[in-house]
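Report on the following structure.
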């Protein structure tokens with residue numbers, strides 16, 4: 046099958062590649078760029094394990110062709126840590142608040158939460174729950190994910206984090 | 037020594053041992069996208085496999101033409117049953133003693149059954165070729181109803197077993213019958229019913245559901261022809277079992293099979309069994325000489341690899357008029373689908389279902405289970421539960437509510453009256469299980485007090501009266517559940533899988549500088565084993581948990597074990613870990629005595645050191661002793677500091693819990709709002725409370741999904757109608773309720789550290805608690821039992837049947 050040339054920015058670096066027109070963005074990221082952080086959980090846009098940040102939006106990369114991302118600016122979980130190599134507040138929050146177990150949904154969940162906090166830097170619990178409703182987790186029951194995102198929001202806002210009383 | 041010396045308590049805190057909310061070791065890689073899951077494995081020259089599947093629920097396969105598929109550019113091989121027959125692998129044995137087609141051999145028995153396996157240079161080429169495999173089918177009559185499976189004229193599912201009079205577990209009653217299994221004392225139970233003041237009987241269905249981990253089942257098989265060795269990466273909860281079964285099936289010597297379970301994206305029982313895709317990938321690698329990856333998609337996962345439950349239970353309770361239970365009977369039809377690929381200990385075709393008497397002191401009990409074949413996917417795995425314990429807990433907890441309702445007693449009060457009392461432990465149930473420990477009344481009392489149970493009932497009474505007066509269209513339901521699990525399979529006298537006793541193992545090596553590695557036969561799928569096993573070692577050996585690497589999943593390096601499911605890791609491998617530590621500690625003590633020039637008995641243990649009794653300033657820390665073990669051991673002693681333990685548990689462990697749930701139901705929309713959910717768990721000694729709470733949150737969420745919306749449903753033609761996330765309910769953060777957790781702590785007396793296991797408890801107790809809450813809402817209107825799942829439509833329908841929409 047004839048291949049198409051794509052150029053995009055991934056985690057701040059320029060990338061050029063040849064892809065089949067039918068290559069999904071998630072397969073391009075995982076197999077051609079070896080960025081295996083984002084995962085495939087359903088291939089139907091339901092589970093969100095494949096979520097990446099694309100031109101300022103959360104995108105499920107399992108239902109987008111790589112050619113559609115031509116010219117885009119993409120951030121994946123591999124580009125989430127701070128420039129000095131320390132963990133992003135969300136990455137830290139997920140560990141501190143036990144917001145993950147098997148880790149399979151985590152890259153997509155953190156990437157989604159990153160965009161959520163860009164759009165609303167101090168979300169309520171309800172807003173967080175609604176904001177991550179496109180990302181499924183089978184292990185945590187979400188409660189500690191909510192706390193992890195609250196932790197990150199507080200840290201990014203320079204506020205002390207008060208864990209909500211049970 | 038000086039005044040700056042840390043106290044014992046300070047030193048203990050630094051170890052991050054048992055009881056510490058230690059942050060997880062695993063998370064560092066997971067939060068950075070640096071986990072290593074099977075689909076991340078990429079080998080040079082790797083091919084991709086994809087399966088052709090049956091569109092029919094039951095049909096003869098008259099012709100398979102692979103020519104067009106084989107001609108697709110990039111396609112390397114197409115396997116069918118005929119190809120597999122040349123290596124004697126068209127069928128494979130199941131864990132339950134049955135056989136199963138790897139690829140359709142003459143007929144297909146369930147929709148999406150594996151028919152052919154295409155191997156190609158890319159996923160896309162394989163998918164293209166799958167479309168071009170031409171299969172001719174002659175449809176046959178379909179039966180998806182287990183209650184009709186043994187009727188006259190029912191379609192014969194397994195023609196290969198037509199002449200087989202004995203099943204794996206005794207005489208077959210019908211050509212669709214798999215096994216009969218009974219437990220308890222029928223005569224004693226019948227006598228109790230003859231004398232009973234009050235009896236209830238209810239038909240309770242636990243629908244077919246699916247564990248549905250976020251990562252599907254997948255593998256990479258790589259056969260090295262020169263060395264005759266197979267390396268198999270896979271999503272295996274039990275890697276050693278896969279190696280042994282793989283060797284028995286393929287005839288490749290076991291030492292030439294290397295099984296690796298890397299990080300696993302959730303298992304919940306889905307990843308215990310051996311599936312067609314694995315066998316096909318192995319054969320394809322042997323045939324092509326190249327590594328072959330097979331990855332399920334979500335539809336394949338939901339419709340083919342493992343289902344759970346599908347138990348149809350006729351339960352009866354006998355009782356005195358003052359509310360004391362006297363007898364229990366249950367007849368169950370178990371739908372095992374087209375092949376009996378149930379994952380149970382081999383002697384227990386209905387698993388541990390005879391935990392059915394639950395937490396109550398039944399003097400007499402009896403159960404009979406018949407397993408049947410239908411045109412549905414094979415399986416019957418323990419989805420986040422110890423073999424069939426969820427079914428039993430659901431059955432008894434619903435039945436207890438129905439009896440309380442008939443007696444006019446409060447559900448909690450009726451339970452309190454019948455719970456096994458603290459002084460009765462160790463308690464032998466009417467089914468013969470020896471419950472190890474518990475203080476049930478204290479747990480239930482704490483749950484009732486914390487939730488202000490009496491106030492809730494008063495509120496409910498008021499709301500019911502208001503409903504009757506037409507002032508509200510909302511009903512309030514209060515669910516109470518008190519469950520007892522039986523986990524930690526298991527004692528070798530009772531449990532084996534294909535003859536392998538269900539022990540488990542730990543091997544610990546302490547390095548000269550006081551760090552170490554522990555390897556185990558279990559395999560974490562999110563439970564946090566790398567964190568918690570190290571905590572056991574920290575406490576047992578007095579070394580910081582951070583100094584211990586925990587490694588699982590590589591059959592070449594890990595000691596043999598039966599894997600992780602049935603909440604067995606802590607009860608079995610956790611015990612093995614403690615026992616291996618104690619061997620190491622005994623040797624360290626001898627070295628300490630030698631170095632301090634005292635008798636072994638003159639030493640005492642203090643957190644991280646042996647000190648001379650009465651002279652605490654003379655001591656040797658474990659770190660010092662580790663160095664000495666490689667440097668100055670006593671004459672005649674072997675150098676080194678390591679130990680291995682294979683732990684065969686003397687008994688199961690019996691975690692329990694008291695759960696209370698409050699729901700508000702809109703009778704006009706059927707919407708159920710969970711107002712409150714309180715879960716008190718007693719899992720014995722608590723190793724890491726943070727991880728325990730996390731597991732309870734997760735298990736309750738899975739229970740919520742099951743109770744409120746999940747069902748793997750088949751239409752009458754055998755089409756599975758719920759095989760994607762469009763149709764199969766997985767709770768999102770929006771629907772998922774807030775969880776309140778609590779605990780009591782009664783250690784297991786027979787376990788070295790007193791721990792019982794917890795991961796599955798919330799699923800076992802959660803489902804009946806939700807269902808009891810929904811049923812309770814309608815109970816005052818005369819309703820006794822509404823079948824799960826309690827989605828809006830079914831709840832609305834229940835209200836409609838009760839005439840509430842008139």
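Protein chains in written order, with this note's numbering: chain A, 46 to 211; chain B, 37 to 842. The beta-carbon is built from N, C-alpha and C at its ideal position, and this holds for glycine as well.
Here's the rule: buried if 16 or more other CB atoms are within 10 angstroms of the residue's CB, otherwise exposed. What is residue 673 of chain B? exposed
Around the Cβ of residue 746 of chain B, are there at least 16 other Cβ atoms within 10 angstroms (buried) or fewer (exposed)? buried
Among B:359, B:311, B:67, the one whose alpha carbon lies nearest that of residue 379 of chain B: B:311
Identify every run of the beta strand (DSSP E) within the stretch 775-818 of chain B, keeping only runs that are complete inside it and at least 3 residues long; order them along the chain. 776-779
What does DSSP give as the partner residue(s) for residue 700 of chain B in the beta ladder? B:512, B:709
Restricting to Cα atoms, I'd like to know which of A:126, A:185, A:194 is closest to residue 768 of chain B. A:185
Using a beta-carbon distance cut-off of less than 9 Å, what residues from the stretch 185-199 of chain A approach chain B? 185, 186, 187, 188, 189, 190, 191
Own chain partners of residue 477 of chain B with C-beta closer than 8 Å, once the 5 adjacent residues on each side are dropped: 452, 455, 457, 458
Examine chain A for any beta-carbon lying closer than 8 Å to the beta-carbon of residue 250 of chain B, and answer yes or no. yes
Do residue 536 of chain B and residue 598 of chain B have their beta-carbon atoms positioned less than 8 Å apart in this structure? yes
Under the rule that 16 or more other beta-carbon atoms within 10 Å means buried, what is residue 120 of chain B, buried or exposed? buried
Members of the stretch 110-133 of chain A that neighbour chain B once the beta carbon cut-off is set at 8 Å: 121, 122, 123, 125, 126, 132
Determine which residues of the stretch 143-160 of chain A have a Cβ less than 8 Å from any Cβ of chain B, and write them out in chain order. 143, 145, 146, 147, 148, 149, 150, 151, 152, 155
CB residue 930 of chain B to CB residue 365 of chain B, shorter than 8 Å? Chain B is shown only over 37 to 842; residue 930 of chain B falls outside these bounds and no answer can be derived.
In this structure, does DSSP put residue 493 of chain B in helix, strand or coil? helix
So, is the C-beta of residue 828 of chain B closer than 8 Å to a C-beta in chain A? no
Can you give me the start and stop residues for the beta strand (DSSP E) that residue 388 of chain B sits inside? Element bounds for residue 388 of chain B: n/a, residue is neither H nor E.
Chain-ordered neighbours of residue 737 of chain B on chain A, where CB pairs are closer than 9 Å: 182, 183, 184, 185, 186, 187, 188
Kindly list the residues whose CB is nearer than 6 Å to the CB of residue 51 of chain B, restricted to its own chain and excluding five residues on each side of it in sequence; keep chain order. 574, 580
Taking a Cβ distance cut-off of 9 Å, strictly less, list which residues of the stretch 72-88 of chain A are near chain B, in chain order. 72, 75, 76, 79, 80, 81, 82, 83, 84, 85, 86, 87, 88
What are the boundary residues of the beta strand (DSSP E) that residue 58 of chain A is part of? 58-64
Does the stretch 153-167 of chain B come within contact of the stretch 103-120 of chain B, defined as at least 3 CB pairs closer than 8 Å? yes
Own chain partners of residue 271 of chain B with C-beta closer than 6 Å, once the 5 adjacent residues on each side are dropped: 74, 253, 254, 300, 307
Name the two residues that bound the continuous alpha helix (DSSP H) containing residue 625 of chain B. 611-632
With which residues is residue 80 of chain B paired in a DSSP beta bridge? None, per the DSSP bridge assignment.
State whether the stretch 108-126 of chain A contacts the stretch 194-207 of chain B, with contact taken as three or more CB pairs (one from each stretch) at a distance under 8 Å. no
Indicate whether at least one CB of chain B lies closer than 8 Å to the CB of residue 61 of chain A. no
What three-state label does DSSP hand residue 740 of chain B in the structure shown? helix
Distance, residue 702 of chain B Cα to residue 448 of chain B Cα: 25 Å
Quick one: residues in its chain with C-beta nearer than 7 Å to the C-beta of residue 744 of chain B, no 5 flanking neighbours on either side, listed in chain order? 708, 806, 825, 826, 827
Just how far apart, CA to CA, sit residue 469 of chain B and residue 463 of chain B? 8 Å
According to DSSP, is residue 281 of chain B part of a helix, a strand, or is it coil? helix
Which listed residue (B:47, B:567, B:126, B:356) has its alpha carbon closest to that of residue 236 of chain B: B:356
Can you grab the Cα-Cα spacing for the pair residue 699 of chain B / residue 706 of chain B, in whole Å? 12 Å
Start and end of the alpha helix (DSSP H) containing residue 159 of chain A? 151-164
Within chain A, the residues that residue 174 of chain B reaches when beta carbons sit closer than 9 Å: Ordered by position in chain A, no residue passes the 9 Å Cβ test against residue 174 of chain B, which lies about 32 Å from the chain.
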